[in-house]
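Trainee: First, the structure itself, so that you have it in front of you.
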Amino acid sequence: MDIVILLGAPGSGKGTIAARLASEDAKLKHVSSGDLLRGAVAKGTPAGLEAKGYMEKGQLVPDALIATMIGDVIAETKGDVTMLLDGFPRNVAQAEVLERAGAPIRSVVLVDVPDAVIADRIAGRRTCPKCKAGYHVKALPPKVEGICDKCGAELVIRKDDNPETVKDRLVVYHRETEPLVAFYEAKGLLRRIDGDQGPERNAAAFREAM
Ligand code: AMP
Numbered sequence: 000m001d002i003v004i005l006l007g008a009p010g011s012g013k014g015t016i017a018a019r020l021a022s023e024d025a026k027l028k029h030v031s032s033g034d035l036l037r038g039a040v041a042k043g044t045p046a047g048l049e050a051k052g053y054m055e056k057g058q059l060v061p062d063a064l065i066a067t068m069i070g071d072v073i074a075e076t077k078g079d080v081t082m083l084l085d086g087f088p089r090n091v092a093q094a095e096v097l098e099r100a101g102a103p104i105r106s107v108v109l110v111d112v113p114d115a116v117i118a119d120r121i122a123g124r125r126t127c128p129k130c131k132a133g134y135h136v137k138a139l140p141p142k143v144e145g146i147c148d149k150c151g152a153e154l155v156i157r158k159d160d161n162p163e164t165v166k167d168r169l170v171v172y173h174r175e176t177e178p179l180v181a182f183y184e185a186k187g188l189l190r191r192i193d194g195d196q197g198p199e200r201n202a203a204a205f206r207e208a209m
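Mapping the sequence shown onto numbering that gives the first Met the number 0, position 82 (from 1) lands on 81, and the numbers just tick up by one.
As structure tokens, then:
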């Protein structure tokens, strides 16, 4: 098992890229910290109840809470698998947790997208609450409006995708997560891709870089 970390702002397309690559290659496993947390919130677990308020405000949940969840997934992932880790680490403290745990990081790929493009992307984002597939009303529309191509469930707009919360999430990204670029660059692990080339080419560029 080894790990490829996806770095990038909310709406940079990390989840779309990881889901696409994982659907094409059984050896790639997509692990999204946001999906794990939304799952815990939906189930009403103690971790979910603790996380909910932070998530709705666009703030980071406490490091220990998410680090435990990710640690569990890493511990149960074995064999000839590459984990596409999407949304974790989100700050230097979390990166240090991974480091202390001796997580086998193969590379860290920054999906680079300007903030102006991000706001537009998130405004059109739709998500399947059941199978987690992601869509965009213009760039990646489902075949039938409002319905998931893969499982037929009704698509939703994420609660934290409203313009005000998106602004806060971008501030948090620049303040907390962007320092990871220098952190991993110093370790020789960082690669960058242009994340504004359209879904197919973004995924291909990522695959090449990882
Ligand atoms: P995402 O789906 O990655 O945009 O994550 C949605 C929300 O979940 C974030 O705005 C945070 O509130 C929370 N979250 C996801 N990953 C992390 C993390 N690694 N550390 C702290 N909070 C996180």
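The beta carbon of each residue, even a glycine, is placed where N, CA and C say it ideally should be.
If you're wondering where the values come from, they're calculated on a predicted model, not measured in any experiment.
Identify the residues that DSSP records as bridge partners of G133: which are they?
Mentor: Answer is T126.
Trainee: Starting from T164 and walking both ways along the alpha helix (DSSP H), at which residues does that stretch end?
Mentor: Residues P162 to V171.
Trainee: Answer with buried or exposed for D193, where buried requires no fewer than 16 other C-beta atoms within 10 angstroms of its C-beta.
Mentor: Flag for D193 reads exposed.
Trainee: May I ask which residues mark the beginning and end of the alpha helix (DSSP H) holding V180?
Mentor: Looking at the DSSP string, the run of the alpha helix (DSSP H) that includes V180 is P178 to A185.
Trainee: To the nearest angstrom, report how far apart L83 and G47 are at their CA atoms.
Mentor: Cα to Cα, L83 sits roughly 23 Å from G47.
Trainee: First and last residue of the beta strand (DSSP E) that includes R190?
Mentor: From DSSP, the beta strand (DSSP E) with R190 extends over L189 to D193.
Trainee: With a floor of 4 residues, list each alpha helix (DSSP H) that falls wholly inside the stretch 72-131, ordered by position along the chain.
Mentor: Correct list: 91-99 and 114-122.
Trainee: Taking the C-alpha atoms as reference points, what is the distance between K51 and D159?
Mentor: Distance between the alpha carbons of K51 and D159 is about 11 Å.
Trainee: Does the beta-carbon of D62, which I'm using as the reference point, lie nearer than 8 Å to any heavy atom of ligand 1?
Mentor: Yes, since a heavy atom of ligand 1 falls inside the 8 Å radius drawn around the Cβ of D62.
Trainee: Assess, as a yes-or-no matter, whether the stretch 2-13 is touched by the stretch 99-119 under the definition of 3 or more beta carbon pairs within less than 8 Å.
Mentor: The stretch 99-119 vs the stretch 2-13: in contact.
Trainee: So the beta strand (DSSP E) K28 belongs to, where does it begin and stop?
Mentor: It spans L27 to S31 - the beta strand (DSSP E) in which K28 sits, taken as one unbroken run.
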